[in-house]
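Student: Please read through the structure below; I'll follow up with questions.
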Amino acid sequence: MGGTLLLALLLQGGVIQGLYVEDRSNHVHGCYCEWSGESQTGGREAILAWHFQEGEYGGVPLAGARAAVVLRGEGTLSMGYSTRESVLFIDAPTPAQRRAVESFLRDRYGMFLGRVLRTAHAEIHMDVNPGGARVYVPGALALEVRKAVLPDDALPGATRWYDPFVPLAEAELGTRVLSRYMARDFNFVWNEKHPMTSGYYGRFVFYAR
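Written out as structure tokens, the structure reads:
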């Protein structure tokens, strides 16, 4: 898309963009053995987060809002739409903005989210930079990924098996440093510190036309 059209859409509120990070409990870049094993028994948990910087939804500005989604599925989330449940955390200063963020997520990613167990207004700390990304929701979750270093972070023969859940204009492969979920929504918690190339971070752009 040309720069002139992109600028016009931004001025009209037709582009929603910002920063994004995700991590899942399976390799997105790995060897065949990792893919084969994880496609059957792994990849059932994921954390995604957005920092909205531009755009509006339903006439409500989204800039400055943050959102995090935690998912757990009956099968791997990376392949198709297995039955899954999710929890939404939204950090926005006004009720109208919180409703707009929730509507955007449900409208855009409803099938991916599955059954939403609850939506919580929460404080979300999020930082995305060229070297990696961090997300922290007090009492609920913590996520940290760093920029993947290849081939050091992968086994011989590794390749990319999965794209980001959310299409990114600028995507970096991430190596997990920490993925933790402490709330009890799924009757299941996790605290993963084993490094693996299991996520992405970067900039998302959604053309709301």
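Quick note on my numbering: the sequence shown kicks off at 742 and runs consecutively. Even glycine gets a Cβ: it sits at the ideal position worked out from N, Cα and C. These numbers come from a predicted model, not from an experiment.
So, does the region 841-855 touch the region 794-801, judging by three or more C-beta pairs under 8 Å?
Tutor: The region 841-855 is in contact with the region 794-801.
Student: Tell me, please, which residues DSSP counts as bridged to Met-937.
Tutor: Along the sequence shown, read from residue 1 onward, the residue named residue 937 stands at position 196. According to DSSP, which records beta bridges pairwise, Met-937 is partnered with nothing at all.
Student: Classify Leu-829 as helix, strand or coil using the three-state DSSP reduction.
Tutor: As a first step, residue 829 must be located in the sequence shown, where it is residue number 88. Note: Leu-829 maps to strand in three-state DSSP.
Student: Between Gly-759, Ala-806, Phe-853, Arg-944, which has its C-alpha nearest Leu-818's C-alpha?
Tutor: Reading the sequence shown from its first residue, position 77 is the one you call residue 818. The option with the nearest alpha carbon to Leu-818 is Phe-853.
Student: Using only the alpha-carbon positions, how far apart do Gly-744 and Leu-858 sit?
Tutor: Along the sequence shown, one-based indexing puts residue 744 at 3. Along the sequence shown, one-based indexing puts residue 858 at 117. Only weak support is given to the placement of Gly-744: the predicted model assigns it a pLDDT of 49, under 50, and the value that follows is read from those uncertain coordinates. Each residue's Cα considered, the two are about 40 Å apart.
Student: DSSP state of Glu-815, grouped into three classes?
Tutor: Counted from its first residue, the sequence shown places residue 815 at position 74. Residue state, collapsed to three classes: coil.
Student: Going straight from the alpha carbon of Pro-694 to that of Arg-839, what length do you get?
Tutor: Not covered by the structure: residue 694. The range shown for the chain is 742 to 950.
Student: Using a Cβ distance threshold of 8 Å, determine whether the region 932-947 contacts the region 755-767, with at least three qualifying pairs required.
Tutor: Flag = yes, the region 932-947 and the region 755-767 touch.
Student: With Pro-917 as the anchor, note down where its beta strand (DSSP E) starts and where it stops.
Tutor: For this step, residue 917 is matched to residue 176 along the sequence shown. A small correction: the amino acid at residue 917 is Arg; Pro does not occupy that position in the sequence shown. Here the beta strand (DSSP E) through Arg-917 covers 911-922.
Student: Hey, would you say Tyr-822 sits closer than 9 Å to Val-907, going by beta carbons?
Tutor: The residue labelled residue 822 in the question sits at position 81 within the sequence shown. The residue labelled residue 907 in the question sits at position 166 within the sequence shown. Cβ atoms of Tyr-822 and Val-907: not closer than 9 Å.
Student: Alpha carbons only, please: which of Pro-802, Val-811, Leu-803, Ser-780 is nearest the one belonging to Arg-856?
Tutor: Taking the sequence shown and counting its residues from 1, the one referred to as residue 856 is at position 115. If we check each option's Cα against that of Arg-856, Val-811 comes out closest.
Student: Any idea what DSSP makes of Pro-802, helix, strand or coil?
Tutor: Locating residue 802 in the sequence shown gives position 61, counting from the first residue. Three-state DSSP puts Pro-802 in a strand.
Student: Could you check what DSSP says for Leu-854 in three-state terms: helix, strand or coil?
Tutor: The count along the sequence shown starts at 1 and reaches residue 854 at position 113. In this structure, Leu-854 counts as helix in the three-state DSSP scheme.
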